[in-house]
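Here the structure comes first, spelled out in structure tokens, and everything after it is commentary.
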Amino acid sequence: MNDIDTLLSIMENSTRRAILKKLLMEESYGLEISKSLGISQQAINKQLEILEHANLILSMGVTPSSIGPPRKVYRPTGFSTLVIDYTPTFIQVSKFDLAEKNEPSIQNEVSIERIKEINEKMDALMKERQSLVEEKNNIIQILRKNVVERVKEGFIRQILVEYLETLNEDEVSRTTGIPVEIVGKIVDDFLG
């Protein structure tokens, strides 16, 4: 499983998301998370192990306990933005790692208004991105139709259609088992 598949698998589980959300508020340990979420400590510990293995949380060491063994304390890590495009012509999943800063920078304005301004900019960017994804989809549909009409050999058609989805000769080579040089020549001959 690759990095994106692992992240998708982790995030589909509501318990793991709840644990991560709790840890975003404060560092914590299994028993405290268990009590807070109303889930058995055994189940929480299993999910903590999965999250730690996926590098989404990090053990900060242990804290002593007056009523039992020391407790392993966790904090979140491995932050990222995940973008999924699902269109009639392609599926694309992209992961963008985020910088991990412990102390917020006070160079910019710090206020609710600034957060609202950032949200508005992000919304505008997403709308622009949506338009670009729709345009990309339309272009791929036209090119794919041309490939289907012009290319009679099923194997070459498959290479071209896969290339239109990924725009990556190496990826097409890997999935089809065809050397990248041949994939490149086919792409140049028919789409170049």
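Letter by letter, the sequence shown follows residues 1 to 192 in full-length UniProt numbering.
For every residue, glycine included, the Cβ atom is placed at its ideal position computed from N, Cα and C.
Give the C-beta separation of residue i and residue j to the nearest angstrom, bearing in mind that I take them to be a contact with Cβ-Cβ under 8 Å.
i, j, result
"LEU164", "LEU143", "6 Å"
"THR89", "ILE140", "4 Å"
"PHE96", "THR77", "Not confirmed; about 16 Å, so no contact."
"THR87", "ASN137", "4 Å"
"GLY192", "GLU169", "12 Å between Cβ atoms; not a contact."
"SER36", "LYS22", "6 Å"
Quick one, which of the options has its alpha-carbon nearest residue i's?
i, options, result
"HIS53", "SER40, VAL83, ASP3", "ASP3"
"GLU134", "LYS95, ASP85, ASN146", "ASP85"
"ILE91", "VAL183, GLU162, GLU27, GLY78", "GLU162"
"THR63", "GLU27, GLY184, ALA124", "GLU27"
"VAL148", "ASN138, LEU160, ASN137", "LEU160"
"ILE57", "ILE39, LEU37, PHE79", "PHE79"
"GLU153", "ILE186, ALA99, LYS121", "ILE186"
"VAL93", "GLY184, LEU8, LEU167, GLN42", "LEU8"
"GLN41", "ILE112, ARG157, ILE156, ILE19", "ILE19"
"ALA43", "ARG16, ASN119, VAL83", "ARG16"
"VAL151", "PHE190, LYS101, SER59, ASN55", "PHE190"
"ARG55", "MET11, LYS121, GLU181", "For clarity, residue 55 is Asn in the given sequence; the question names Arg instead. Out of MET11, LYS121, GLU181, MET11 has the C-alpha closest to the C-alpha of ASN55."
"residue 193", "VAL83, LEU24, MET60, GLU171", "Only positions 1 to 192 of the chain appear in this structure, which leaves residue 193 out of reach."
Kindly examine the ligand GDP and report whether one of its heavy atoms sits closer than 6 Å to the Cβ of residue i.
i, result
"ILE159", "Among the components modelled here there is no ligand, and therefore nothing to report on the ligand GDP."
Between the segment 24-35 and the segment 62-77, can you find at least three pairs of beta-carbon atoms closer than 8 Å?
At 8 Å Cβ cutoff, the stretches touch.
In chain order, each alpha helix (DSSP H) run of at least 4 residues that lies wholly inside the segment 22-103
Fully enclosed alpha helix (DSSP H) runs of 4 or longer: 30-37, 41-53.
Tell me, please, whether the segment 39-55 touches the segment 70-79 by the rule of three or more beta-carbon pairs shorter than 8 Å.
Yes, since at least three Cβ pairs between the segment 39-55 and the segment 70-79 fall closer than 8 Å, the two stretches touch.
Enumerate, from N- to C-terminal direction, the unbroken beta strand (DSSP E) stretches of 3 or more residues contained entirely within the segment 120-188.
none
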